[in-house]
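Before any comments, here is the structure.
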């Protein structure tokens, strides 16, 4: 809660620190028009009043009108774009979890065998290659040369492959690397050997005893992963021309649409903070040693 | 069972010194280097970094172009050109956008022919060569009855139709093609790589200075000051940084090199500060620090002369890993239109510029994109290698 408040405050004052106003363009507008615009958007009020107005608006999810897309409220634009982005983002997260973790486990269990080397090679590539490169390559090969999928938009189910793939890239690779290394660490522990020595099956040891502990670092990463997918969506939605919130954000940045920028930044930040909170809850579910409310270093 | 006397031999004199054999003492860095050399990936990364740096630094002096030099006549040329010999010593090349360029037999561009006419009904272009008409018939791909010929176009000159190129050769004027205003893609990639590297290096150094100072002060001071400083770091760490980098870039609105270096540096010192503080906390309990303090050495000198040099290993690793992060962030910002802007161009800007024409001229995007990927790979391999070479848990090996 404090973080959200802080973020909103910082963003608000940063935006108001800009020399010139939202209406300074290359061709100056007549003074009367600027005055009228300022009046309309309450830019003449004292800054503290503007701040409190904004905060009250924020609490009631009323983020004010978009400066550039006249007739649209910021929250309308967010609600318009968010479901689309959320759909792609969710697909990406599901794939990351369903593919990344098992791949990491398999790779850890076959340490230093060809399968492991192969997975780690792909994962290293995935971590290092930026998402827009993946997206561009995908469009070129599958939409350009092979013509299997559409290069932009989301009309057909197959059009989801590209964006999700580009979005997944980094995090998928990171999650499988993380799972592998923490799995290796856990498998060396004494209690695993004890469990094996007590006659438990290999399968049971891995899934009941090792995995729970190995997953803790992976769960920690889920928060940053949401942030990575968020920022990834800016690029991916730009490349594939998807009308999601990321594309609106990039557009508003290029248009200097200030209310839209503040609105979406706060929205992203809130989303992020909520995810981090959820991760904390997930923590205590996996590991009863960590209890909510206590700081764990 | 005891030993018999003849179980033992006298050493001959040449081996008398065996047990006194002394191994050459290795300094910390020599030891690191020795271990790094064994790691093939790290060496590949190191060579990659050196090659890319050389490419970016000295490459531009070997090309015939300036990075902003435009030749609109030769815009959007691909890597390979089909040269047609339409008359003795007259060689032409038709660009994908149906511009006719007179070339030398080896594929060097000479000049562009003016288009003199366009016959839409018959799908023909006419070009003017010194008063004579050169006709391009591009109906072959469009009409079903001609589809069997499997060519895109034919060129007719002085009544003779040429369907097969004289030869297909590499683009001698622009080794990697040219972009939409006829700039040399190779030269632009070299400059782009240089700008990207510059930004990454200085941003990393800048955040190094802030991070090391901040971390060292927090670690050395301890008690409430340390607590306060680290809480601030926690707060900064809890917000999605890239959003704020974007905000700052929007606010400053001056897309020079300095701005982006400053912005990246201002935001990415947090990890470095944590690392240095941790190192300082453990190092300051060591006896040599106590000894230095006994001798009356002041705190800043202890930090500067004793603690930081000893923490240099992890700091170096963090620095190496910071560079690819900065390269990535910079290209990301440039890609969404917030980074370096014209006339300068980083690799991200190049990708952004080429995005619109990805279907027609994919290479203009692929080339800088591959360059970014190579840079990231090289630095990451080197960083990974350095980390395992410096890792104290592995130092016994």
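Residue numbers (this note's numbering), protein chains in the order written: chain A, 66 to 362; chain B, 7 to 403.
Backbone N, C-alpha and C fix where the C-beta goes; we use that ideal spot for every residue, glycine too.
It should be emphasised that the depicted structure is a prediction, and the values quoted were computed from it without experimental measurement.
What do you reckon, are the CB atoms on residue 232 (chain A) and residue 297 (chain A) nearer than 8 Å?
yes
Any chance the region 213–224 of chain B sits against the region 271–284 of chain B, with 3 or more Cβ pairs inside 8 Å?
yes
Of all Cβ atoms in chain B, is any one closer than 8 Å to the Cβ of residue 348 (chain A)?
no
Between which two residues does the beta strand (DSSP E) harbouring residue 167 (chain B) extend?
166–168
Nearest to residue 186 (chain A) by alpha carbon, out of B:387, B:98, B:392, B:82?
B:387
In whole angstroms, what is the alpha-carbon distance linking residue 364 (chain B) and residue 373 (chain B)?
12 Å
For chain A, check one thing: does any of its Cβ atoms lie closer than 8 Å to the Cβ of residue 386 (chain B)?
Closer than 8 Å to the CB of residue 386 (chain B) there is at least one CB belonging to chain A.
Quick one, which of A:117, A:346, A:315 has its alpha-carbon nearest residue 342 (chain B)'s?
A:315
Could you tell me which residues DSSP pairs with residue 140 (chain B) in its beta bridges?
B:133, B:163
Which bits of chain A does residue 337 (chain B) rub up against, with CB to CB less than 7 Å?
195
Any C-beta of chain B sitting closer than 8 Å to the C-beta of residue 319 (chain A)?
yes
Shorter than 8 Å from the beta carbon of residue 212 (chain B) to some beta carbon of chain A?
Closer than 8 Å: no.
With a threshold of 16 other CB atoms inside 10 Å of the CB of residue 306 (chain B), please say whether the residue is buried or exposed.
exposed
Considering only DSSP beta bridges, list what residue 106 (chain B) is partnered with.
B:100
Residue 411 (chain B) to residue 234 (chain A), Cα distance in whole Å?
In this structure chain B extends from 7 to 403, so residue 411 (chain B) is not present and cannot be described.
Is residue 173 (chain B) helix, strand or coil by DSSP?
The answer is strand: DSSP assigns residue 173 (chain B) an E or B state.
For residue 269 (chain A), count neighbouring Cβ atoms within 10 angstroms of its own Cβ and tell me buried if that reaches 16, exposed if not.
The residue is exposed, with fewer than 16 neighbouring Cβ atoms inside 10 Å.
Between the beta-carbon of residue 74 (chain B) and the beta-carbon of residue 368 (chain B), is there less than 8 Å?
Taking 8 Å as the Cβ cut-off, residue 74 (chain B) and residue 368 (chain B) do not qualify as a contacting pair.
What is the rounded straight-line gap between the Cα of residue 308 (chain B) and the Cα of residue 40 (chain B)?
29 Å
DSSP three-state call for residue 145 (chain B): helix, strand or coil?
Look at residue 145 (chain B) here: in three-state DSSP terms it is coil, with no helix or strand label.
From what residue to what residue does the alpha helix (DSSP H) around residue 273 (chain B) run?
263–273
Please report how far the alpha carbon of residue 198 (chain B) lies from the alpha carbon of residue 312 (chain B), in whole angstroms.
39 Å
Quick one: is residue 194 (chain B) buried, meaning 16 or more other Cβ sit within 10 Å of its Cβ, or exposed?
buried
Along chain B, which residues have their Cβ under 7 Å away from the Cβ of residue 303 (chain A)?
342
Are any of the Cβ atoms in chain A nearer than 8 Å to that of residue 300 (chain B)?
For residue 300 (chain B), the closest Cβ of chain A is not nearer than 8 Å.
Give me the DSSP bridge partner(s) of residue 194 (chain B).
According to DSSP, residue pairing for residue 194 (chain B) in a beta bridge does not occur.
Is residue 59 (chain B) near residue 203 (chain B), with beta carbons less than 8 Å apart?
yes
What's the call for residue 275 (chain B), buried or exposed, on a 16-neighbour Cβ count within 10 Å?
Residue 275 (chain B) counts as buried, since at least 16 other C-beta atoms from the protein chains shown sit within 10 angstroms of its C-beta.
Within 8 Å of any Cβ in chain B, is that where the Cβ of residue 77 (chain A) sits?
no
If we define contact as Cβ-Cβ less than 8 Å, is residue 151 (chain A) a contact residue for chain B?
no
Of all the residues that make up the region 324–337 of chain A, which are near chain B by a beta-carbon distance shorter than 8 Å?
326, 330, 333, 334, 337
Which two residues bound the contiguous alpha helix (DSSP H) that contains residue 291 (chain B)?
Here residue 291 (chain B) belongs to no alpha helix (DSSP H), and DSSP marks it neither H nor E.
Helix, strand or coil for residue 288 (chain A)? Go by DSSP, reduced to three states.
Residue 288 (chain A): helix per DSSP, three-state reduction.
Taking the DSSP output, what are the residues bridged to residue 184 (chain B)?
B:190
Using only the alpha-carbon positions, how far apart do residue 248 (chain A) and residue 179 (chain A) sit?
18 Å
Confirm, please, whether the CB-CB distance from residue 90 (chain B) to residue 172 (chain B) is below 8 Å.
yes
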